[in-house]
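Down below is the structure, laid out as structure tokens.
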Amino acid sequence: MNPHSDTLGPDEEGDRSVLRMERRLAHPPAKVWAAITRPEHLAQWFPSEVTLELRPGGEMGFHFPGDEGPGMTGEVTDVDEPRLFAFSWGEDHLRWEITPDGPDGRGSLLTLVHTFGDRFGAPSFAAGWQLCISALGQFLDGGRAEVSRDAGELHEAYLEQFDLGHGEVVDDGIRFERQLVRPAGAVWAVLCADEVPLAGDTAPDGFLADGVSAGPVTVLREPVELAYTVHPKGEVRWELGEGTGYGTRLVLTQTGPFDDAAAADAALAAWHARIERLAGQLLEG
Numbered sequence: 600m601n602p603h604s605d606t607l608g609p610d611e612e613g614d615r616s617v618l619r620m621e622r623r624l625a626h627p628p629a630k631v632w633a634a635i636t637r638p639e640h641l642a643q644w645f646p647s648e649v650t651l652e653l654r655p656g657g658e659m660g661f662h663f664p665g666d667e668g669p670g671m672t673g674e675v676t677d678v679d680e681p682r683l684f685a686f687s688w689g690e691d692h693l694r695w696e697i698t699p700d701g702p703d704g705r706g707s708l709l710t711l712v713h714t715f716g717d718r719f720g721a722p723s724f725a726a727g728w729q730l731c732i733s734a735l736g737q738f739l740d741g742g743r744a745e746v747s748r749d750a751g752e753l754h755e756a757y758l759e760q761f762d763l764g765h766g767e768v769v770d771d772g773i774r775f776e777r778q779l780v781r782p783a784g785a786v787w788a789v790l791c792a793d794e795v796p797l798a799g800d801t802a803p804d805g806f807l808a809d810g811v812s813a814g815p816v817t818v819l820r821e822p823v824e825l826a827y828t829v830h831p832k833g834e835v836r837w838e839l840g841e842g843t844g845y846g847t848r849l850v851l852t853q854t855g856p857f858d859d860a861a862a863a864d865a866a867l868a869a870w871h872a873r874i875e876r877l878a879g880q881l882l883e884g
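FYI, in the numbering used here the residues of the sequence shown are 600 to 884.
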């Protein structure tokens with residue numbers, strides 16, 4: 600297993616993201632093929648229960664244990680035994696390629712190409728697949744396959760590897776989007792610490808960054824949104840919305856105007872440092 604070789608980039612159209620992961624397995628392609636295409640084998644390591652018709656155009660169903668409702672659906676797009684199995688899963692597309700590997704060709708190189716629209720969800724997807732493919736290896740080895748749960752360290756390592764922690768300058772200010780590893784309530788508690796935010800009062804210190812001159816709180820929706828004015832003119836807004844299975848998705852914005860590009864860069868650096876401290880605090884919790 601070598602997560603450091605995993606890559607994230609754009610698709611050919613440039614509007615979706617492509618996660619590519621390669622893993623060497625000490626088992627022949629036919630055995631790996633059975634493990635990734637037979638529902639009773641998928642049940643040992645895949646993140647959901649799967650039903651499928653193993654033919655191009657065949658229907659697929661995905662149901663997470665414990666979830667109510669019909670689950671998600673997909674469609675088989677490619678079948679070339681024992682080389683290629685690909686399918687859609689909701690709006691995502693997964694392509695599993697198997698090639699003989701090793702000096703005698705008795706092993707396999709398994710390549711997963713996951714195409715999706717949520718770029719900031721990439722660390723969650725990569726961490727999840729890393730854990731699932733580790734369980735696949737255990738299953739192939741004849742042991743008890745167990746998909747372990749990431750406490751957040753693997754997620755944050757992928758976030759750094761894919762360089763997704765930096766914000767950007769936008770038309771009216773700066774913007775950060777970051778998947779966090781705890782739910783909104785837990786993040787809100789860390790941000791507030793021992794302070795209680797009140798509309799009209801200065802925001803608690805946890806919602807501030809170095810160099811930000813905070814004015815009164817103008818929007819307060821515990822535990823998902825807080826906004827306050829900044830001097831001389833502008834607004835900072837924290838939003839904790841729906842994210843991946845790890846936790847909440849943070850969107851932080853500061854509207855300008857900024858005096859110049861250097862001032863905007865300074866604000867980016869200050870907020871990057873603040874969010875990194877928050878991410879560290881969430882791991883400790």
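Glycine is no exception: its CB is placed at the ideal position from the N, C-alpha and C atoms.
Just so it is clear, the structure is predicted and the values come from calculations on it, not from any experiment.
Report buried or exposed for residue i, applying the criterion of at least 16 other Cβ atoms within 10 angstroms of its Cβ.
{"i": "Ser570", "result": "Residue 570 is absent from the model: the chain starts at 600 and stops at 884."}
{"i": "His692", "result": "buried"}
{"i": "Thr854", "result": "buried"}
{"i": "Gly842", "result": "buried"}
Beta-carbon within less than 6 Å of residue i's beta-carbon, same chain only, minus the 5 sequence neighbours each way: which residues are those?
{"i": "Gly689", "result": "Met671"}
{"i": "Ala808", "result": "Ala869, Trp870, Arg873"}
{"i": "Glu611", "result": "none"}
Could you give the first and the last residue of the continuous beta strand (DSSP E) run that contains residue i?
{"i": "Gly814", "result": "813-820"}
{"i": "Ala685", "result": "683-688"}
{"i": "Ser707", "result": "706-715"}
{"i": "Tyr827", "result": "824-829"}
{"i": "Gln853", "result": "848-854"}
{"i": "His692", "result": "691-700"}
{"i": "Gly673", "result": "671-679"}
Here's a check: name, in chain order, each residue in its chain whose Cβ is nearer than 8 Å to the Cβ of residue i, leaving out the five neighbours to either side.
{"i": "Pro609", "result": "Arg615, Ser616, Val617"}
{"i": "Glu674", "result": "Gly656, Gly657, Glu658, Met659, Phe686, Ser687"}
{"i": "Pro628", "result": "Pro681, Arg682, Ile697, Thr698, Pro699, Ser707"}
Assuming residue i contacts residue j (C-beta within less than 8 Å), just tell me the rounded distance between them.
{"i": "Pro655", "j": "Thr676", "result": "7 Å"}
{"i": "Gly751", "j": "Val780", "result": "4 Å"}
{"i": "Gly736", "j": "Gln778", "result": "About 26 Å separates the two Cβ atoms, so there is no contact after all."}
{"i": "Arg694", "j": "Val678", "result": "Contact flag wrong, Cβ pair sits at about 12 Å."}
Between which two residues does the alpha helix (DSSP H) holding residue i run?
{"i": "Asp864", "result": "860-883"}
{"i": "Thr636", "result": "628-636"}
{"i": "Ser733", "result": "721-739"}
{"i": "Gly784", "result": "783-791"}
{"i": "Glu752", "result": "752-760"}
Below 7 Å CB to CB, which residues in the same chain sit around residue i once its five sequence neighbours on both sides are set aside?
{"i": "Ala633", "result": "His640"}
{"i": "His662", "result": "Ser647, Glu648, Gly670"}
{"i": "Ala865", "result": "Gly810"}
{"i": "Leu753", "result": "Ala726, Gln729"}
With a threshold of 7 Å (Cβ to nearest heavy atom), would residue i be considered close to the ligand ATP?
{"i": "Val617", "result": "The model on display carries no ligand, and the ligand ATP is accordingly not part of it."}
Cβ contact (3+ pairs, closer than 8 Å) linking the stretch 807-814 and the stretch 823-843: yes
Contact the stretch 854-862 vs the stretch 790-797: 3+ CB pairs below 8 Å: no
Three CB pairs or more closer than 8 Å across the stretch 722-730 and the stretch 768-776: Verdict: no, contact absent.
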